[in-house]
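Report on one structure; see the data block that follows.
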Ligand code: ADP
Ligand code: LRH
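Residue numbers (the working numbering): 36 to 513.
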C-alpha cells in the first residue's frame, strides 16, 4: 500500500486527507479539518491564506509519513508575489464586491459572445479575468512579478517551485478550451500580461519536493514529492465520480452545486453561452460542461445567521415542511454576496408572489427544493445543449450527507441519483497521485476502483414530475 496526502481546500473548510492505495484497495481517512473563514478587512473580503497554510502544515503533521502530497482548492482566486517571491497582500475573496460593473467594461473591448467563443467560460463576475481587470490600477498588481492560483501558491510555499496547473488555469477565462493553452489574443486585448503566470503544468506532473523547513515543521522524513493534481477542486471531484460509461451527469454539491456533464470537447455555441454553461478543463482531455448553482452556500449563510444550529435536526424539520411551497432561483447571482440570507430568500419569495417562508425549517426547505429545481434545469439543459443524454445523476461532495437534498434531486431530475463519495475532491486528488506513481490506470480505472471500494447510496425518483414542472414554471414564467 502507498499513502498519499490530499490537501483539499473548500470555501467552507480545508482538510488534509490520507488515501491508502493498493491492489483493488482505496481507503480515505481524515487527518485534519479546519474551518475556512474569510475575513472582512478595511480593504474588503479576504482569504486568511496564512491560516489555511498553517492548517495544511498541521494536517501534514497529523497525516504522518506519505509517499506524495497533492493540493487542490476552490478556483479563480490568486495571490500576487513580488520580485523576491513574497506575497503581496491577502488574496481577494471571489465574493468581494470589487468586480461589480467590471464585466460591462470588459465586454466593451471584447464582446461577451467573442469571449465565450474563445474561452468557453460562463459569465461569473469573479472569473480571474474580471478580477484582474478590476485590479488593473492597483499598487499590488503594479508591483507583482508573479500570479499564483491558490493551490499553486500553497504548492509554492511547500516546495519553492512555481507552476500554473491547467485545470484551475481554465477557470481564469484566459485559456482556450480547444488548444488547452493560454488564450493569447484575449489576454493581449484586455491588457493582461500572461508573463505574470508561471508555466503551465498538468495533473500528474512533479511539482517539487517538500522544503527542508516544511519537513522539519511537519516531522516528515524527506524526500517527499509534491505531485500536481487536478488542482481545481471540481476537477478532482469529477475525476472521482464513480460512474460507469458515459451516460451520466454529475452534481458536485458543497458550497456550490456544479451540475453538468463530462464531454470530450467544449460546447461553444451561442445558445450555450445564453444558458450560462461553462467549459472547464478536466483530466485526460475531458471538458467539464456545467453550470454554477449557488449551492449549500444558501444554507451555510442562513445557518450562520441563525447562530449555527446543528444541521441534523434542522434537516429533519425541513423534511416535514410541505414540498415546493415556495422556490427561488438558486442560479441567481443576487445570492452571491454574504449576509442577511434568510431575509434575502424571504424577499425573493415575496417578490414572486409565493408564500413567504419564515421559520428556519421552512427556509431550509425552500432552499433544498430550490436547489433540486436548479439541478433539474441544469441537467436537462446540459443534455440538450451538448446532445449527450444520461441515465443517472451522480451526486458527490458534502451535500451527499444531506439525504433530503439527494432524494429531492432524484425527484426533480426524474432520474436515479447515486450519492457519494462525500470527499470526492480528496479522492480525485489521491487517484491522480496514485496514477502518477503507476498504481492506477486511466480515469475509467480510477472510477471503477471507487465503485468497488466506496460506500454509495442510491435514490430512486418518486415520480412527481408534474409538481416540479409547475414549480419551474413559477420561476421561468413558462
Ligand atoms: P466545500 O468543499 O465547498 O467547503 P463541502 O463539500 O465540504 O463544501 O460541503 C459542505 C456542505 O456539506 C455544508 O455546507 C453542509 O450543507 C453539507 N454537510 C456537511 N456535513 C453534513 C451533515 N452531517 N449533514 C448534512 N449536510 C452536511
Ligand atoms: C467550488 C469552486 C467552483 C468554482 C468556485 C469559485 O469549490 O471551485 O468550481 O466555480 O469554487
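For each residue, glycine too, the CB sits at the ideal point set by N, CA and C.
| Query | Result |
| --- | --- |
| With contact counted as at least three CB pairs below 8 Å, one residue from each stretch, are the stretch 267-281 and the stretch 372-383 in contact? | no |
| Within 10 angstroms of the Cβ of residue 85, are there 16 or more other Cβ atoms? Answer buried if so, exposed if not. | exposed |
| CB of residue 407 to nearest heavy atom of the ligand ADP: below 7 Å? | no |
| Is residue 160 buried or exposed, if buried means 16 or more other CB atoms sit within 10 Å of its CB? | buried |
| Determine the contact status of residue 235 and residue 201, defining contact as a CB-CB distance below 8 Å. | yes |
| Among 461, 79, 323, whose alpha-carbon lies nearest the alpha-carbon of residue 67? | 461 |
| When you compare each of 179, 244, 134 to residue 162 by their alpha carbons, which one comes out closest? | 134 |
| Confirm the yes/no value for this check: CB of residue 46, any heavy atom of the ligand ADP, distance under 7 Å. | yes |
| In this structure, does DSSP put residue 328 in helix, strand or coil? | strand |
| Report the three-state DSSP secondary structure of residue 344 (helix, strand or coil). | coil |
| Please specify which runs of the beta strand (DSSP E), each continuous and at least 3 residues long, are wholly inside the stretch 58-90, giving them in chain order. | 60-70, 74-76, 79-81 |
| Consider the C-beta atom of residue 158 and the heavy atoms of the ligand LRH; say whether any pair is separated by less than 7 Å. | no |
| Closer than 7 Å to a non-hydrogen atom of the ligand LRH - does that hold for the CB of residue 293? | yes |
| Just to confirm my understanding: we take residue 240, look at its own chain, exclude 5 residues before and 5 after, and list those with CB closer than 7 Å. What are they? | 263 |
| Determine the closest residue to residue 330 out of 367, 303, 205, 356, with distance taken between C-alpha atoms. | 367 |
| Taking only the alpha-carbon atoms, compute the straight-line gap between residue 212 and residue 177 and give it to the nearest angstrom. | 29 Å |
| Have a look at residue 207 and residue 287 and give me their C-alpha separation to the nearest angstrom. | 20 Å |
| Pull the bridge partners of residue 493 from the DSSP assignment, please. | 453 |
| Just how far apart, CA to CA, sit residue 369 and residue 511? | 16 Å |
| Report whether the distance from the Cβ of residue 113 to the nearest heavy atom of the ligand LRH is below 7 Å. | no |
| Determine the direct distance from the alpha carbon of residue 340 to that of residue 319, and round the result to whole angstroms. | 42 Å |
| Below 8 Å on the Cβ atoms is my contact criterion, and I expect residue 233 with residue 181 to pass it. Report the Cβ-Cβ distance as a whole number of Å. | 6 Å |
| On a CA-only basis, which of 250, 165, 354 is nearest residue 443? Give me that one, please. | 354 |
| Run through the DSSP bridge pairs and tell me what residue 55 is partnered with. | 38, 62 |
| Considering only residues of the stretch 186-256, which uninterrupted beta strand (DSSP E) runs meet the minimum length of 3 residues and lie entirely inside it, listed in chain order? | 241-244 |
| In terms of DSSP beta bridges, what is residue 139 paired with? | DSSP, once it has assigned bridges, lists no residue as partnering residue 139. |
| Which residue or residues does DSSP assign as beta-bridge partners of residue 286? | 294, 430 |
| Going by beta-carbon coordinates alone, are residue 179 and residue 117 separated by less than 8 Å? | yes |
| Anyone know if the C-beta pair for residue 45 and residue 142 falls short of 8 Å? | no |
| Would the stretch 454-472 count as touching the stretch 425-432 if we require 3 or more Cβ pairs under 8 Å? | yes |
| Does the stretch 111-129 touch the stretch 86-102, meaning 3 or more C-beta pairs lie closer than 8 Å? | no |
| Answer with buried or exposed for residue 393, where buried requires no fewer than 16 other C-beta atoms within 10 angstroms of its C-beta. | exposed |
| Grouping DSSP H, G and I as helix and E and B as strand, with all else coil, what is residue 464? | helix |
| Provide the residue span of the beta strand (DSSP E) that contains residue 315, from first to last. | 313-316 |
| Taking the CB atoms as reference points, tell me whether residue 194 and residue 244 lie closer together than 8 Å. | yes |
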